[in-house]
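In my numbering, the protein residues as written are 39 to 205. The beta-carbon is built from N, C-alpha and C at its ideal position, and this holds for glycine as well.
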Amino acid sequence: MNPAINKLVQNLQLLPHPEGGFYKEVYRSKTMIPKEALPANFSGDRSYCTSIYFLLTSENFSAFHRIKQDEIWHFYGGSSLSVHVMDASGTYTEYKVGMDFDNGEQPQLVVPAGCWFASSVAKKDSYAFVGCTVAPGFDFDDFELADRAALQEEYPQHSDIIHKLTR
Numbered sequence: 039m040n041p042a043i044n045k046l047v048q049n050l051q052l053l054p055h056p057e058g059g060f061y062k063e064v065y066r067s068k069t070m071i072p073k074e075a076l077p078a079n080f081s082g083d084r085s086y087c088t089s090i091y092f093l094l095t096s097e098n099f100s101a102f103h104r105i106k107q108d109e110i111w112h113f114y115g116g117s118s119l120s121v122h123v124m125d126a127s128g129t130y131t132e133y134k135v136g137m138d139f140d141n142g143e144q145p146q147l148v149v150p151a152g153c154w155f156a157s158s159v160a161k162k163d164s165y166a167f168v169g170c171t172v173a174p175g176f177d178f179d180d181f182e183l184a185d186r187a188a189l190q191e192e193y194p195q196h197s198d199i200i201h202k203l204t205r
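What follows is the structure, encoded as structure tokens:
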């Protein structure tokens, strides 16, 4: 493992993430939103907000998944991160999260609730270190990992990228 990656994983006590990469929850609001105040698709109470560190290497990818909340990505370091988003209408967009403004990168990105999204690092032997903030707060009940065949059936026009970024 690259020494910079190893240092981040060890010093921040990052754990393997189910969708790929490493993460650590660093903030979870103690204040709760009652289920009755949330949209009907939420299964229970949620924290106001949660935040994680997320580290992805170029040897891996974060597989297509979706959540019920908006997710805000914040760039911290390393190489730029490609965030691949498919909205409900089938529109696919690749966003670059990073600091190279001349090449269309942006330091922050919002992925709207319900969109399928995945991420990857294009630069070989590199990594992207970002933060992800979710409100209402994240709960694994709100997380759906994409099934490759089902997603390709729903969005056949994006079959290649779906194949590349699903397991």
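- Query: To which residues of the same chain is Pro54 closer than 7 angstroms at the C-beta, ignoring the five residues directly before and after it?
  - Reply: In the sequence shown, the residue the question calls residue 54 occupies position 16. Cβ neighbours of Pro54 beyond the five flanking positions: Phe60.
- Query: Can at least three beta-carbon pairs, one atom from the stretch 94-110 and one from the stretch 152-163, be found at a separation below 8 angstroms?
  - Reply: yes
- Task: Determine, using beta-carbon pairs with one atom in the stretch 167-187 and one in the stretch 111-126, whether at least three such pairs fall under 8 angstroms.
- Result: yes
- Residue ranges of each beta strand (DSSP E) within the stretch 67-95, 3 or longer: 88-95
- Item | Buried versus exposed call for Ser89 [16 or more other C-beta atoms within 10 Å across all chains shown] | By one-based count along the sequence shown, residue 89 stands at place 51. That one is buried.
- Closest to Ala151 by CA distance: which of Ala78, Leu119, Gln107 is it? On the sequence shown, position 113 is the one that residue 151 refers to. Residue Gln107 is the option with its Cα nearest to Ala151.
- Task: Go through its chain and collect everything with a Cβ distance to Gln190's Cβ below 6 angstroms, but skip five positions before and after it.
- Result: Translated into the one-based positions of the sequence shown, residue 190 becomes position 152. Result list for Gln190: Ser197, Ile200, in chain order.
- Would you say Val123 and Phe155 are within 7 angstroms of each other, going by their C-beta atoms? Your numbering for residue 123 matches position 85 in the sequence shown. Your numbering for residue 155 matches position 117 in the sequence shown. The answer is yes: Cβ separation under 7 angstroms.
- Query: In the structure shown, what three-state DSSP assignment does Pro41 receive?
  - Reply: Here residue 41 corresponds to residue number 3 of the sequence shown, with the count starting at 1. The answer is helix: DSSP assigns Pro41 an H, G or I state.
- Task: Starting from Val121, follow its DSSP beta bridges and name the residues at the other end.
- Result: Along the sequence shown, read from residue 1 onward, the residue named residue 121 stands at position 83. In the DSSP output, where bridge partners are listed per residue, Val121 has Tyr133, Ser157.
- Task: Report buried or exposed for Val135, applying the criterion of at least 16 other Cβ atoms within 10 angstroms of its Cβ.
- Result: Walking along the sequence shown from the start, residue 135 turns up at place 97. So Val135 counts as buried.
- Mind the definition here: the stretch 56-75 touches the stretch 130-147 only if three or more C-beta pairs lie below 8 angstroms; say whether that holds. no
- Cut-off 7 angstroms between Cβ atoms - residues of its own chain near Lys73, not counting five sequence neighbours on either side: As a working note, residue 73 is residue 35 in the sequence shown. Phe80, Gly82, Asp83, listed in sequence order.
- Task: Could you tell me which residues DSSP pairs with Leu46 in its beta bridges?
- Result: As a first step, residue 46 must be located in the sequence shown, where it is residue number 8. Note: Leu46 sits in no beta bridge, so no partner.
- Task: Return the CA-CA distance between Pro174 and Met137, expressed in angstroms with no decimal places.
- Result: In the sequence shown, residue 174 corresponds to position 136, counting from 1. In the sequence shown, residue 137 corresponds to position 99, counting from 1. Spanning the two alpha carbons is a distance of roughly 27 angstroms.
- Where Phe176 sits in the DSSP three-state scheme: Here residue 176 refers to the residue found at position 138 when the sequence shown is read from its first residue. Coil.
- Query: For Gln51, does the three-state DSSP call read helix, strand or coil?
  - Reply: Taking the first residue of the sequence shown as 1, we reach residue 51 at position 13. Three-state DSSP puts Gln51 in coil, outside helix and strand.
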